[in-house]
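**Q** Residue numbers (the numbering used here): 4 to 320.
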Ligand code: SF4
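#1: Tell me the residue span of the alpha helix (DSSP H) that contains residue 139.
#2: Under the assumption that residue 245 contacts residue 184 (Cβ atoms under 8 Å), give the Cβ distance between them as a whole number of angstroms.
#3: So residue 60 is in the beta strand (DSSP E); what residue range does that whole segment cover?
#4: Restricting to runs no shorter than 4 residues, where is the alpha helix (DSSP H) found entirely within the stretch 184-257?
#5: Answer yes or no: the CB of residue 48 versus the heavy atoms of ligand 1, is any distance below 7 Å?
#6: How big is the Cα-Cα spacing for residue 210 and residue 172?
#7: Please list the segments of the beta strand (DSSP E) lying wholly inside the stretch 41-106, counting only runs of 3 or more residues, in order along the chain.
#8: Identify, in the order they occur along the chain, each residue of the same chain with its Cβ nearer than 7 Å to the Cβ of residue 271, setting aside the five sequence neighbours on each side.
#9: Tell me the residue span of the beta strand (DSSP E) that contains residue 1.
#10: Taking residue 56 as the reference, which of 77, 36, 25 and 75 has the closest Cα?
#11: Assuming residue 207 contacts residue 252 under a Cβ cut-off of 8 Å, what Cβ separation, rounded to an integer in Å, is found between them?
#12: Hey, would you say residue 292 sits closer than 8 Å to residue 258, going by beta carbons?
#13: Report yes if the C-beta distance between residue 144 and residue 108 is below 8 Å; otherwise report no.
#14: For residue 262, write down the residues that DSSP places opposite it in a beta bridge.
#15: DSSP has residue 127 in a bridge; who is on the other side?
#16: I believe residue 8 touches residue 17 by the beta-carbon criterion, under 8 Å. Please report the beta-carbon distance rounded to the nearest angstrom.
#17: I think residue 167 touches residue 195, with their Cβ atoms under 8 Å apart; what is that distance to the nearest whole Å?
#18: Using a 10 Å radius around the Cβ and a threshold of 16 neighbouring Cβ atoms, would you call residue 282 buried or exposed?
#19: Got a sec, what are the start and stop residues for the alpha helix (DSSP H) residue 292 sits in?
#20: Pairs of beta-carbons, one from the stretch 153-163 and one from the stretch 122-132, closer than 8 Å: are there three or more?
#21: Please report how far the alpha carbon of residue 309 lies from the alpha carbon of residue 77, in whole angstroms.
#22: Just the C-alpha distance for residue 300 and residue 40, rounded to the nearest angstrom, thanks.
#23: Going straight from the alpha carbon of residue 280 to that of residue 111, what length do you get?
#24: Do you know offhand how far residue 189's Cα is from residue 85's?
#25: Just to confirm my understanding: we take residue 297, look at its own chain, exclude 5 residues before and 5 after, and list those with CB closer than 6 Å. What are they?
#26: Could you check if residue 40 belongs to the surroundings of ligand 3, using beta carbon to heavy atom distance under 7 Å?
#27: Considering only heavy atoms of ligand 1, does any lie closer than 7 Å to the CB of residue 60?
#28: Out of 199, 221 and 177, which one is the CA nearest neighbour of residue 212?
#29: Quick one: what's residue 180 bridged to in DSSP?
#30: Hey, how far is the Cα of residue 101 from the Cα of residue 20?
#31: In the structure shown, what three-state DSSP assignment does residue 277 receive?
#32: Should residue 226 go down as buried or exposed, given a rule of 16 or more other Cβ atoms within 10 Å for buried?
#33: What residues match up with residue 303 in a beta bridge as DSSP calls it?
#34: Quick check: what's the CA-CA separation for residue 175 versus residue 127?
Next comes the structure, spelled out in structure tokens:
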């Protein structure tokens with residue numbers, strides 16, 4: 004059955020998974036931070052989110068990777084807050100400040116259905132990690148009302164593999180970042196201790212579930228893993244180690260989006276070494292490493308410095 008969640012919705016598995024995920028909120032251990040707060044009672048941990056999910060915006064997005072946006076756009080839902088705290092975040096108004104509002108599960112289900120009605124190719128959850136149980140809850144409401152387009156799990160990649168395991172048979176397209184290969188960098192720029200270790204374990208789990216990205220006749224990805232690697236100034240992202248991991252532990256066929264659009268936003272000015280865009284030479288060096296590792300499947304941005312939010316109006320709901 005496609006998308007995968009339809010089967011899980013009809014045979015009762017989704018309800019069981021949802022219950023299991025919801026229990027994890029009681030002493031929250033949804034992500035590597037393991038804050039242990041009781042989110043069922045509204046307590047908040049690092050991600051500043053209690054029981055109800057907070058949404059900043061939802062809309063058809065035409066600036067994602069071409070096999071995700073297609074012609075009709077990717078049905079993007081931008082969640083507020085995040086389990087990372089990137090000093091340079093482009094979305095800081097809602098990822099780290101307060102933009103957005105709490106929504107009931109019915110309303111979240113309604114957003115998904117509206118995006119489907121607008122013709123979007125998929126539902127693209129941006130920063131879903133800290134609200135994964137809430138997404139499952141909304142999915143239970145949306146399926147009987149006719150939701151039938153695939154889900155994209157668009158995550159910063161600071162994930163627990165055992166939590167990702169719960170999404171087996173629910174998510175068809177994983178789109179995680181591989182942001183850092185070096186723990187010191189992850190701590191310094193994103194306050195994410197042990198990011199490389201958690202990130203790599205989670206990607207192995209994602210790859211096990213959905214494999215290499217599979218495109219339909221129109222070039223749209225229907226199922227599989229899309230790995231995003233944001234090239235940061237001065238090779239802070241550790242491109243070589245990351246590409247070696249992908250080629251060696253996942254697959255030389257893995258679909259990679261090599262991102263050149265780094266913008267020094269939010270608190271980047273406090274760190275002179277990242278307070279600039281990347282140079283053409285830095286992007287080309289990352290491309291060469293990718294090729295040298297035998298990785299030839301993916302999206303290289305032809306126009307270096309392309310801003311994927313250009314022309315996209317993220318209007319708060
Ligand atoms: S999801 Fe939020 S509250 Fe739960 S462990 Fe992660 S950061 Fe902490």
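Even for Gly, the Cβ is constructed at its ideal location relative to N, Cα and C.
**A** Well, looking at it:
#1: 135-145
#2: 5 Å
#3: Its beta strand (DSSP E) spans residues 57-64.
#4: List check, alpha helix (DSSP H) in window: 186-193, 198-213 and 242-248.
#5: Within the cutoff, so yes.
#6: Going from the Cα of residue 210 to the Cα of residue 172 covers about 13 Å.
#7: Listed in chain order, they are 57-64 and 77-82.
#8: 90, 91, 277 and 278.
#9: In the structure as shown, the chain begins at 4 and stops at 320. Residue 1 is therefore absent and cannot be evaluated.
#10: 25
#11: 6 Å
#12: Using a Cβ distance threshold of 8 Å, residue 292 and residue 258 do not count as a contacting pair.
#13: In this structure, residue 108 lies closer than 8 Å to residue 144 by Cβ.
#14: 233
#15: 79 and 155
#16: The distance from the Cβ of residue 8 to that of residue 17 is about 6 Å, consistent with a contact at the 8 Å cut-off.
#17: Rounded, the Cβ-Cβ distance is 16 Å, inconsistent with contact.
#18: When all chains shown are included, residue 282 counts as exposed.
#19: 283-295
#20: yes
#21: The predicted model places residue 309 with a pLDDT of 49, which falls under 50 and marks its position as unreliable; any figure quoted below should be read in that light. Those two C-alpha atoms are separated by around 18 Å.
#22: 41 Å
#23: Cα to Cα, the separation comes out at about 35 Å.
#24: The straight-line gap from Cα to Cα measures roughly 15 Å.
#25: 250 and 255
#26: No copy of ligand 3 occurs in the structure displayed; its ligands are ligand 1 alone.
#27: no
#28: 177
#29: 231
#30: 30 Å
#31: helix
#32: buried
#33: 261
#34: 11 Å
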